[in-house]
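Trainee: Residue numbers are given in UniProt numbering: position 171 of the sequence shown equals residue 171, and the series is strictly consecutive.
The C-beta atom is built at its ideal place from N, Cα and C for all residues, glycine as well.
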Amino acid sequence: MGQICGGLQAVSAGPETPKASGVRIMSKVLQSDVAIVGGGMVGLSTAIGLGRAGMSVTVVDRLDAPETTAPAFDGRASAIAYASVRMLEALGIWQHMAPHAQPILEIRVSDGTVSRGPGLLHLHFDHRDMKMAGSDPDGPLGHMVENRFTRIALFKALDETPNVRLIAPDTVETIHTDKTGTALTLGSGQRVEAALLLGIDGRQSQVRAHAGIPSSGCSYKQTGIVCAIAHECDHLGIAHEKFLPSGPFAILPLKDRRASLVWSEKARLAETIMGLSERAFEAEVRRRVGDFLGDVRVTGGRWSYPLSMHVAHDFIAERTALVGDSAHGIHPIAGQGLNLGLRDAAALIEVLAEAHRLGLDPGGAETLKRYQTWRRSDTVVLAGIMDGLTRLFSNDSKSLRLARGIGLSVVDRIPPLKRFFISHARGTVGTLPKLLTGETPA
Ligand SMILES: Cc1cc2nc3c(=O)[nH]c(=O)nc-3n(C[C@H](O)[C@H](O)[C@H](O)COP(=O)(O)OP(=O)(O)OC[C@H]3O[C@@H](n4cnc5c(N)ncnc54)[C@H](O)[C@@H]3O)c2cc1C
Numbered sequence: 001m002g003q004i005c006g007g008l009q010a011v012s013a014g015p016e017t018p019k020a021s022g023v024r025i026m027s028k029v030l031q032s033d034v035a036i037v038g039g040g041m042v043g044l045s046t047a048i049g050l051g052r053a054g055m056s057v058t059v060v061d062r063l064d065a066p067e068t069t070a071p072a073f074d075g076r077a078s079a080i081a082y083a084s085v086r087m088l089e090a091l092g093i094w095q096h097m098a099p100h101a102q103p104i105l106e107i108r109v110s111d112g113t114v115s116r117g118p119g120l121l122h123l124h125f126d127h128r129d130m131k132m133a134g135s136d137p138d139g140p141l142g143h144m145v146e147n148r149f150t151r152i153a154l155f156k157a158l159d160e161t162p163n164v165r166l167i168a169p170d171t172v173e174t175i176h177t178d179k180t181g182t183a184l185t186l187g188s189g190q191r192v193e194a195a196l197l198l199g200i201d202g203r204q205s206q207v208r209a210h211a212g213i214p215s216s217g218c219s220y221k222q223t224g225i226v227c228a229i230a231h232e233c234d235h236l237g238i239a240h241e242k243f244l245p246s247g248p249f250a251i252l253p254l255k256d257r258r259a260s261l262v263w264s265e266k267a268r269l270a271e272t273i274m275g276l277s278e279r280a281f282e283a284e285v286r287r288r289v290g291d292f293l294g295d296v297r298v299t300g301g302r303w304s305y306p307l308s309m310h311v312a313h314d315f316i317a318e319r320t321a322l323v324g325d326s327a328h329g330i331h332p333i334a335g336q337g338l339n340l341g342l343r344d345a346a347a348l349i350e351v352l353a354e355a356h357r358l359g360l361d362p363g364g365a366e367t368l369k370r371y372q373t374w375r376r377s378d379t380v381v382l383a384g385i386m387d388g389l390t391r392l393f394s395n396d397s398k399s400l401r402l403a404r405g406i407g408l409s410v411v412d413r414i415p416p417l418k419r420f421f422i423s424h425a426r427g428t429v430g431t432l433p434k435l436l437t438g439e440t441p442a
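(1) Distance, Cα to Cα, CYS233 vs ILE104?
(2) Please indicate yes or no: does the CB of SER397 lie closer than 7 Å to some heavy atom of ligand 1?
(3) Mapping DSSP to helix, strand and coil, what is MET144?
(4) Going along the chain, which residues of its own chain have a beta-carbon closer than 7 Å to the beta-carbon of ALA83, five neighbours each way excluded?
(5) Under a Cβ-count criterion, where at least 16 other Cβ atoms within 10 Å of its own Cβ denotes burial, should GLU439 be classed as buried or exposed?
(6) Taking the CB atoms as reference points, tell me whether LEU198 and THR379 lie closer together than 8 Å.
(7) Going by DSSP, what residues sit across from LYS242 in a beta bridge?
(8) For GLU160, which of PRO169, VAL296 and ILE93 has the nearest alpha-carbon?
(9) Please report the distance separating the alpha-carbon of ASP256 from that of ASN339.
(10) Nearest CA to the CA of ARG413: which residue from LEU166, ILE225 and HIS124?
(11) How would you write the range of the beta strand (DSSP E) that PRO306 sits in, first residue to last?
(12) Identify which residue in ALA195, THR174 and ASP178 has its Cα closest to the Cα of THR185.
(13) Please name the residue in LEU254, PHE149, ILE229 and ALA168 whose C-alpha comes closest to that of HIS96.
(14) Just how far apart, CA to CA, sit GLU193 and VAL29?
(15) Run the proximity test for VAL380: is its beta-carbon closer than 7 Å to any non-hydrogen atom belonging to ligand 1?
(16) Indicate whether the contact test is met: 3 or more Cβ pairs, each with one atom in the segment 202-219 and one in the segment 325-335, closer than 8 Å.
(17) Threshold first: 3 residues or longer. Then list the beta strand (DSSP E) segments lying entirely within the segment 135-214, N to C.
(18) Going by the DSSP bridge assignment, what does PRO103 pair with across the sheet?
(19) Report whether the distance from the Cβ of MET87 to the nearest heavy atom of ligand 1 is below 7 Å.
(20) Which residue wins for smallest C-alpha separation from SER409, given the options ASP74, GLY112 and HIS122?
(21) Excluding the 5 residues flanking GLY134 on each side, which residues of the same chain have their C-beta closer than 6 Å to its C-beta?
(22) Which term fits residue 446, buried or exposed, when burial requires 16 or more other beta carbons within 10 angstroms of its beta carbon?
(23) In this structure, how does DSSP classify LYS418 when only helix, strand and coil are distinguished?
(24) Can you give me the Cβ contacts of GLU278 inside the same chain, cut-off strictly under 8 Å, excluding the 5 residues immediately before and after it?
(25) Is the segment 210-218 close to the segment 51-69, with three or more CB pairs under 8 Å?
(26) Looking at PRO441 and ALA317, is the spacing between their C-beta atoms short of 8 Å?
(27) Would you give the residue range spanned by the beta strand (DSSP E) that VAL323 belongs to?
(28) Any heavy atom of ligand 1 closer than 7 Å to the beta-carbon of SER308?
(29) Under the assumption that ILE229 contacts VAL145 (Cβ atoms under 8 Å), give the Cβ distance between them as a whole number of angstroms.
(30) Comparing the CB of PRO332 with every heavy atom of ligand 1, is any distance shorter than 7 Å?
(31) Here's a check: name, in chain order, each residue in its chain whose Cβ is nearer than 7 Å to the Cβ of ALA153, leaving out the five neighbours to either side.
(32) Mind checking who VAL285 pairs with in its DSSP beta bridge?
(33) At the level of alpha carbons, what is the spacing between MET274 and ALA195?
(34) What does GLU318 pair with, by DSSP beta-bridge criteria?
(35) Does the beta-carbon distance from ALA99 to THR223 come in below 8 Å?
(36) Run through DSSP, which three-state label would GLU232 get?
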């Protein structure tokens, strides 16, 4: 039987009665305004936002909290943009993340090689440049938080949110959607009915496949190798992005003289690197990090993620909407995937909260169209920019390398261009949903 949290009354499905054929008799129907498949970082943030706006929500995830918060599950840390922090604060999630959050005060971008180190031409963003942008002059550029701590914070905030029921671990066996609503049959035998179905179930989305929504994209034939290091000298809150011949190599500051590495490597080579002994792996890490942090030690495990990009042709279908990685996936070159998903969540929460306040159907076509109009073109533009950057900075041609170096130093010398990039990194560009400015909708 799955775990059930949140403010809804815990509902027991009762003992299942297996038929001779193996078909189970459903003993309970769980009804709510919204059903969500996928309780990852975006799914739980969306559920908390909808619950706090007064809607009843049922979330189904195939994995439970003990599994997804175990240290070995996900070794990544995410750069959380300034606007996303405002949203997480407004939803009562950030207070549980803040003790684990490392402010990013500067970002240094350089082009180089492993043997020769960074080139002379580089780009430097400083949080003090925010003075030029005219807002929050002392605020950092963003924060680094280990995904594990974000998940723990989300589960805590979920416990404090009325109206949200989480069923996990469980699987979705069937989905039925028609003009009156949606119904899910779960592996446990429970049936979930709602006016609206949200697919927040990641890149291989079952909901997207069920809705018949195609997506376009490509594989970068790169793997993101992730690990954490402890180092001797203080990182001073500086994030480093080095563009190496095989792909971007990021050193991202964490609390307590630690850093998270995201090392994009050609897929074939990454397999070999993942198979290295601890000593040999650490030696490769040291070669790439350099000596500016003093002595460096790899702590904990290593993880690898195939890197690709995709955008769904539609973010909505009949009584269905896609949010987060199920709608789009991008390369982690600029640490924007989760931020983009939270932006979807903020827009959808605002649109649905307004419909709820006016007594409108949350799964109505007009409501869903508002969400799609708000989010899809923004996403297509950002995914295109990230794709271009990834291709440009993963190419080892000598002339491109020179052009890139010149490009970086040109941006470095033109304050309005720097402000443009900083505003994008902070997530403060475009028509912002209220939550991204720290306001709660409706
Ligand atoms: C190496 C790397 C570094 C990154 N760094 C950053 C960064 O610094 N900043 C940033 O903003 N982004 C970053 N990202 C991107 C970010 O991690 C993702 O965009 C984000 O995790 C997507 O969250 P999600 O909740 O949409 O999907 P997921 O994290 O994939 O969650 C999906 C959830 O759905 C559940 N699920 C899936 N299928 C089913 C099913 N059929 N039934 C029930 N449950 C199901 C899963 O168990 C999971 O809990 C990085 C990505 C990578 C690979």
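Mentor: In terms of the structure at hand:
(1) Those two C-alpha atoms are separated by around 16 Å.
(2) Not under cutoff, so the answer is no.
(3) Three-state DSSP puts MET144 in a strand.
(4) For ALA83, where only same-chain residues beyond five positions count, the Cβ hits under 7 Å are ARG426, GLY427, THR428, LEU432 and LEU436.
(5) Classification of GLU439: exposed, given that the 10 Å Cβ count is below 16.
(6) In this structure, THR379 does not lie closer than 8 Å to LEU198 by Cβ.
(7) Answer is SER110 and PHE249, bridged to LYS242.
(8) Of PRO169, VAL296 and ILE93, the residue nearest in Cα terms is ILE93.
(9) Roughly 24 Å separates the two Cα atoms.
(10) For ARG413, the nearest C-alpha among the options comes from HIS124.
(11) Start and end: 296-312.
(12) It is THR174.
(13) It is PHE149.
(14) Their backbone Cα atoms lie some 7 Å apart in a straight line.
(15) Not one heavy atom of ligand 1 sits closer than 7 Å to the Cβ of VAL380.
(16) Counting Cβ pairs under 8 Å, three or more are found: they touch.
(17) You should have 142-146, 164-167, 172-178, 181-186 and 191-199.
(18) Looking at the DSSP assignment, PRO103 forms a beta bridge with HIS143.
(19) Checking every heavy atom of ligand 1 against the Cβ of MET87, none is found closer than 7 Å.
(20) In terms of Cα proximity to SER409, the closest of ASP74, GLY112 and HIS122 is HIS122.
(21) Residue placement at GLY134 is poorly supported in this model, since its pLDDT is 48, which falls under 50; the coordinates still yield a value, given next. Cβ neighbours of GLY134 beyond the five flanking positions: none.
(22) Since the first and last residues shown for the chain are 1 and 442, residue 446 lies out of range.
(23) Correct three-state label for LYS418: helix.
(24) Cβ within range, chain order: VAL298.
(25) Result no; under three Cβ-Cβ pairs closer than 8 Å.
(26) Contact: no.
(27) From DSSP, VAL323 is part of no beta strand (DSSP E); its letter is neither H nor E.
(28) False, no ligand heavy atom lies under 7 Å from that Cβ.
(29) No, ILE229 and VAL145 are not in contact; Cβ-Cβ is about 17 Å, not under 8 Å.
(30) Yes, ligand 1 has a heavy atom inside 7 Å of this Cβ.
(31) ILE93, HIS96 and MET97, listed in sequence order.
(32) VAL285 is not bridged to any residue.
(33) A direct Cα-to-Cα measurement between MET274 and ALA195 gives close to 45 Å.
(34) DSSP, once it has assigned bridges, lists no residue as partnering GLU318.
(35) This sequence places Pro at residue 99; Ala is not what is there. With contacts defined by Cβ atoms closer than 8 Å, PRO99 and THR223 do not form a contacting pair.
(36) In the structure shown, GLU232 falls within a coil segment according to DSSP collapsed to helix, strand and coil.
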